[in-house]
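Sequence lines, in order, name chains A and B. With the first letter of the first sequence counted as 1, position 57 gets the number 57 in our numbering; the numbers rise by one all the way through. To convert, take the position in the second sequence, counting from 1, and add 1000; that gives our numbering. See below for the structure under consideration.
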Amino acid sequence: AQSVTQLDSQVPVFEEAPVELRCNYSSSVSVYLFWYVQYPNQGLQLLLKYLSGSTLVKGINGFEAEFNKSQTSFHLRKPSVHISDTAEYFCAVSASNTGNQFYFGTGTSLTVIP
Amino acid sequence: EAGVTQFPSHSVIEKGQTVTLRCDPISGHDNLYWYRRVMGKEIKFLLHFVKESKQDESGMPNNRFLAERTGGTYSTLKVQPAELEDSGVYFCASSQIQGRGNTEAFFGQGTRLTVV
């Protein structure tokens, strides 16, 4: 089975500062990795995904994530955050043997402080 | 193109009552999923439809939950009778292709259910 750990439940950061949201996963098979974002009163929106190939993945709104197989991590980063990045961020994994079922972490609430 | 829509956005019911949540997937998406997030915890898989058939319902918590997808279009999730621990946000998602884990799913805004 797969599992995802997001150690940071809340991350406050000042505007224009860099941010890293941590995600670690556990799986006995190869996985696909995703980051979803939920803005207030909206649904989950895909930020980026890693399926194969380059381990550095770029997504929307200036976010990027790096897949590190040896450390089983997929941390999300942004060099300079904006007020509009305030949202909840979810890391998720799926595996080739579980169809399209996602396993999510508990989420990280990012608050950007002006 | 309309995204995944869920109705209602919020529902407050008393313990023992019945509630029905509805999900309209993106048109043409054969795959439909229900997930639930209990406050402060992870979003957990409930079940997966391919068209009108239940592909996987391993995440359904108990027999008080009944999901249907008649005609392979919209889906309903009924909770009867509701208990306090059923409170949470129920998400619906849809995808076009049943891949091997590498297919993006499109999520709705969720239904926040509160059982009092």
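Yeah, the Cβ is synthetic: ideal placement off N, Cα and C, and Gly gets one too. None of the values given here were measured: they were computed from a predicted structure.
Kindly indicate if chain A contains any beta-carbon less than 8 Å away from that of residue i.
| i | result |
| --- | --- |
| residue 1042 of chain B | yes |
| residue 1108 of chain B | yes |
| residue 1014 of chain B | no |
| residue 1029 of chain B | no |
| residue 1004 of chain B | yes |
| residue 1056 of chain B | yes |
| residue 1104 of chain B | yes |
| residue 1091 of chain B | yes |
Throw me the rounded Cβ distance for the residue i and residue j pair, which I believe falls under 8 Å.
| i | j | result |
| --- | --- | --- |
| residue 32 of chain A | residue 93 of chain A | 7 Å |
| residue 1105 of chain B | residue 1033 of chain B | 6 Å |
| residue 1067 of chain B | residue 1075 of chain B | 6 Å |
| residue 1079 of chain B | residue 1018 of chain B | 7 Å |
Starting from the C-beta of residue i, find all residues in its chain whose C-beta is less than 6 Å away, skip the five residues before and the five after it, and write them out in chain order.
| i | result |
| --- | --- |
| residue 1010 of chain B | 1112 |
| residue 56 of chain A | 66 |
| residue 28 of chain A | none |
| residue 1021 of chain B | 1077, 1090, 1111 |
| residue 16 of chain A | 80 |
Which residue comes first and which comes last in the beta strand (DSSP E) that contains residue i?
| i | result |
| --- | --- |
| residue 14 of chain A | 10-14 |
| residue 4 of chain A | 3-5 |
| residue 58 of chain A | 56-58 |
| residue 83 of chain A | Taken as a continuous stretch (DSSP letters only), residue 83 of chain A belongs to no beta strand (DSSP E), as it is neither H nor E. |
| residue 24 of chain A | 24-26 |
| residue 1067 of chain B | 1065-1068 |
| residue 1115 of chain B | 1111-1115 |
| residue 1078 of chain B | 1075-1079 |
| residue 111 of chain A | 108-113 |
| residue 67 of chain A | 64-68 |
| residue 19 of chain A | 19-21 |
| residue 1093 of chain B | 1088-1095 |
Provide the residue(s) that pair with residue i in DSSP beta bridges, ordered along the chain.
| i | result |
| --- | --- |
| residue 1048 of chain B | B:1033, B:1056 |
| residue 1005 of chain B | B:1024 |
| residue 45 of chain A | A:37 |
| residue 50 of chain A | A:33 |
| residue 90 of chain A | A:36 |
Counting only beta-carbon separations shorter than 8 Å, does residue i have a partner in chain B?
| i | result |
| --- | --- |
| residue 55 of chain A | no |
| residue 44 of chain A | yes |
| residue 106 of chain A | yes |
| residue 101 of chain A | yes |
| residue 63 of chain A | no |
| residue 74 of chain A | no |
| residue 67 of chain A | no |
Closer than 7 Å by C-beta to residue i: which residues in its own chain qualify, once you throw out the five before and the five after it? Chain order, please.
| i | result |
| --- | --- |
| residue 1012 of chain B | 1114, 1116 |
Grab me the residues of residue i's own chain with a C-beta within less than 8 Å of its C-beta, minus the 5 sequence neighbours each way, in chain order.
| i | result |
| --- | --- |
| residue 51 of chain A | 32 |
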